[in-house]
Amino acid sequence: MTRLPEIEYKLLSALAPGVPVGVEGLVKESGLDQSLVMAAARSLSDRGLIEIHEQVREEYAITEQGLKVSREGLPEKRALQAIIDQGGEVAFQDLPASLGREDVRAEVKWLTKKGWCSRVAGRLVATDKGRAALSDAGPDEVFVCRLAQMGRAFSDDLASLGTDVEAGLAALKGRSGLFKRKQRTARSISLTDAGSRLKNEGIEPAQEVTQLTPELIVSGEWRDVAFKEYDPRLETAVLQPGKAHPLQRVIQQTRRAFLEMGFEEVESPTVDTAFWVFDALFQPQDHPAREMQDTFYVADPERGLLPADELVQSVGRTHEDGGDTGSTGWRYKWSRAKAEKLVLRTHTTAATIRALAQDPKPPRKVFSIGRTFRRENVDQTHLPEFIQIDGIIIDQRADLASLFGTLAEFYRKMGAEDVRFRPSFFPYTEPSAEVFAKLGSLGWVEMCGSGVFRPEVTEPLGCDVPVLAWGGGVERIAMMRFGLDDIRKLYLSDIDWLKEAALCR
Ligand code: PHE
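Residue numbers (this note's numbering): 106 to 610.
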């Protein structure tokens, strides 16, 4: 009779010669912790009593979108139904109305690719194959529906239920978002000859001791009990505790970086007057950035309150003829009404310029982080709503070198390998520079705009020392930190990515 630690005993008892058993199933059946079962299995295999087999397998998991398709059918199937309901053919220009969708390119692509419809003189005509397909589920639909029932599954699980996985995957090629694939290691164990012999000779469970207590020592019992060994090779279940969203963490890190460099944080309204967003920054009232196609204007109320008259007038005069600044100004009739217009701020420079107007006395270092808005089409690097970080340094000795030094330090703190500057233009700074940061696979990415505020900006606000200023996107920093090549990733609730995104790097 051999005495074995309890779980080892259970494992050996569960095994018959020549039949491998999946570890996952064993864990489920026994209700034991996966790491305990694996510990026991490793210990048995170290003694040659069992063999552990590892197999890397593709696992598929259904997505929200996949679930939708499993309920409603593939979009081209619905489109086909609609076309057949409408007599079997529809003119191309009527398709959006017939299918109830503005963009029908994807449907048309799949309908023709699958041979369900053909193009005949400006019309999309259902084929016999298409008519037959209506009452028949294709391999892609079968795959998606099965997977939807199971949630997640290995391909052999799907195959054992009669799903033609290969055909399903082939038919789904070129379509993304319906399911996800992941590599997972499946483990099974089997009895060796030695294990079989030991079992035949007889085995019995022994209590396993996981902690050496004073009692065990004093009584001398420690000599007889079986101690559980540590095994640092074990894979354990990954814990997934709650944590802040990656973008939120980058915002916090950005804030901390500036606080560490001795900056104070300020805030300003998300909805602000054009005065603070544009006019106070010497941005002429006919500047293209101020137009409706670039900036969101508030419809109701249309106008907001301006600061003290004296300040407003000195800003207005500077636009018209330079006022007391020695500049010639932009030479046009400045309108107070245009400055009163309410906008969703297009940059957080509105926050730093307000701070400057409020207290222009040097030395001061100020930053602001906040939500900003521009009429942009969503793409890989643009969103209509995003987060910006802006900063200013008001200091008699401030110069371009201190600007570049500060920004290089900041972006290095945020993980950039290298930082570069390139001449640029902004209506409110002279000189101006764009800042690029380098990180790994993404290469050089534009991070922010910067420069020294022009006297036309600072003097009307009562400031007569140099002011360094910069502003840029926080999502860009997040992309750099997380190695993302698509900004949208930050706003999709991709739970797997959110779980895996590192807390720090
Ligand atoms: N406001 C500019 C932008 O949004 C950046 C900038 C801020 C440039 C301050 C110069 C000085 O792109």
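The beta-carbon is built from N, C-alpha and C at its ideal position, and this holds for glycine as well.
Whole angstroms are fine: how far does the CA of residue j sit from the CA of residue i?
i	j	result
Trp-221	Leu-185	8 Å
Lys-234	Asp-391	59 Å
Val-76	Tyr-533	Residue 76 lies beyond the residue range present for the chain, which begins at 106 and ends at 610; the question has no answer from this structure.
Gly-545	Met-519	13 Å
Tyr-335	Arg-257	33 Å
Ser-440	Gln-388	13 Å
Arg-476	Thr-400	14 Å
Gly-71	Ala-513	Only positions 106 to 610 of the chain appear in this structure, which leaves residue 71 out of reach.
Glu-320	Val-330	13 Å
Ser-204	Gly-273	At residue 204 the sequence reads Leu, which differs from the Ser that was named. Going from the Cα of Leu-204 to the Cα of Gly-273 covers about 26 Å.
Val-142	Ser-135	9 Å
Glu-445	Thr-375	15 Å
Leu-339	Ala-144	6 Å
Ser-507	Gly-556	11 Å
Ala-342	Asn-482	42 Å
Glu-535	Glu-365	28 Å
Gly-347	Ile-600	12 Å
Lys-219	Glu-177	19 Å
Lys-287	Glu-163	6 Å
Val-195	Leu-252	34 Å
Arg-147	Val-355	41 Å
Lys-470	Leu-589	31 Å
Arg-408	Arg-502	39 Å
Lys-438	Val-213	54 Å
Met-585	Ala-521	8 Å
Ala-385	Pro-565	8 Å
Ile-155	Thr-315	23 Å
His-158	Thr-268	26 Å
Ala-542	Pro-528	15 Å
Val-209	Pro-467	60 Å
Ser-473	Gln-418	26 Å
Phe-530	Tyr-402	25 Å
Glu-113	Gln-345	29 Å
Please check the pair residue i and residue j, which I expect to be a contact at CB under 8 Å, by giving their CB distance rounded to whole angstroms.
i	j	result
Leu-449	Ile-592	Contact flag wrong, Cβ pair sits at about 19 Å.
Leu-411	Phe-380	5 Å
Leu-461	Ile-499	7 Å
Val-572	Phe-558	4 Å
Leu-296	Pro-122	5 Å
Gln-160	Ala-311	Their Cβ separation, rounded to whole angstroms, is 32 Å, which puts Gln-160 and Ala-311 out of contact at 8 Å.
His-454	Gly-576	Residue identity differs from the one stated: residue 454 is Thr in this sequence, not His. Indeed, because the Cβ distance is near 5 Å, the residues count as touching under 8 Å.
Leu-172	Leu-149	Actually they do not touch by this definition, with Cβ atoms about 41 Å apart.
Glu-580	Ile-492	6 Å
Gln-191	Gly-282	Their Cβ separation, rounded to whole angstroms, is 28 Å, which puts Gln-191 and Gly-282 out of contact at 8 Å.
Glu-370	Arg-361	That pair is no contact at about 11 Å.
Glu-309	Arg-152	Contact doesn't hold; Cβ gap of about 17 Å is too wide.
Arg-436	Gly-428	12 Å between Cβ atoms; not a contact.
Val-270	Ala-264	5 Å
Arg-479	Thr-451	5 Å
Pro-351	Leu-595	7 Å
Consider the Cβ of residue i: report whether some Cβ of chain B lies at a distance smaller than 8 Å.
i	result
Ala-385	Considering every chain present, this structure includes no chain B. It has just one protein chain.
Return the first residue and the last residue of the alpha helix (DSSP H) that residue i is part of.
i	result
Thr-359	351 to 365
Asp-262	260 to 265
Arg-251	244 to 255
Ala-272	270 to 277
Val-323	319 to 324
Asp-601	600 to 605
Gly-98	Coverage of the chain is limited to positions 106 through 610, which leaves residue 98 absent and any answer about it impossible.
From which residue to which residue does the beta strand (DSSP E) around residue i run?
i	result
Val-557	548 to 558
Ser-281	Segment: none, Ser-281 is in no beta strand (DSSP E) and carries neither H nor E.
Glu-539	534 to 544
Val-524	523 to 531
Ile-592	Counting along the chain, Ile-592 falls outside any beta strand (DSSP E), and DSSP gives it neither H nor E.
Trp-381	Counting along the chain, Trp-381 falls outside any beta strand (DSSP E), though it belongs to the alpha helix (DSSP H) covering 379 to 382.
Ala-404	No beta strand (DSSP E) contains Ala-404, which DSSP labels as neither H nor E.
Trp-575	572 to 578
So is the beta-carbon of residue i under 7 Å away from any non-hydrogen atom of the ligand SAM?
i	result
Thr-534	No copy of the ligand SAM occurs in the structure displayed; its ligands are the ligand PHE alone.
Q.
Quick check on the DSSP output: what are the complete beta strand (DSSP E) runs of length 3 or more inside the region 417 to 505, in order along the chain?
A. 447 to 449, 469 to 478, 490 to 499, all fully within the region 417 to 505.
Q.
Which runs of the alpha helix (DSSP H) at least 4 residues long sit entirely within the region 108 to 165? Give them in chain order.
A. The qualifying runs are 111 to 119, 128 to 135, 139 to 151.
Q: Let me know the alpha helix (DSSP H) ranges lying completely inside the region 169 to 244, each 4 residues or longer, listed in chain order.
A: Taking 4 residues as the shortest admissible run, the region 169 to 244 contains the following complete alpha helix (DSSP H) segments, listed from N- to C-terminal end: 169 to 177, 180 to 190, 200 to 204, 210 to 218, 233 to 239.
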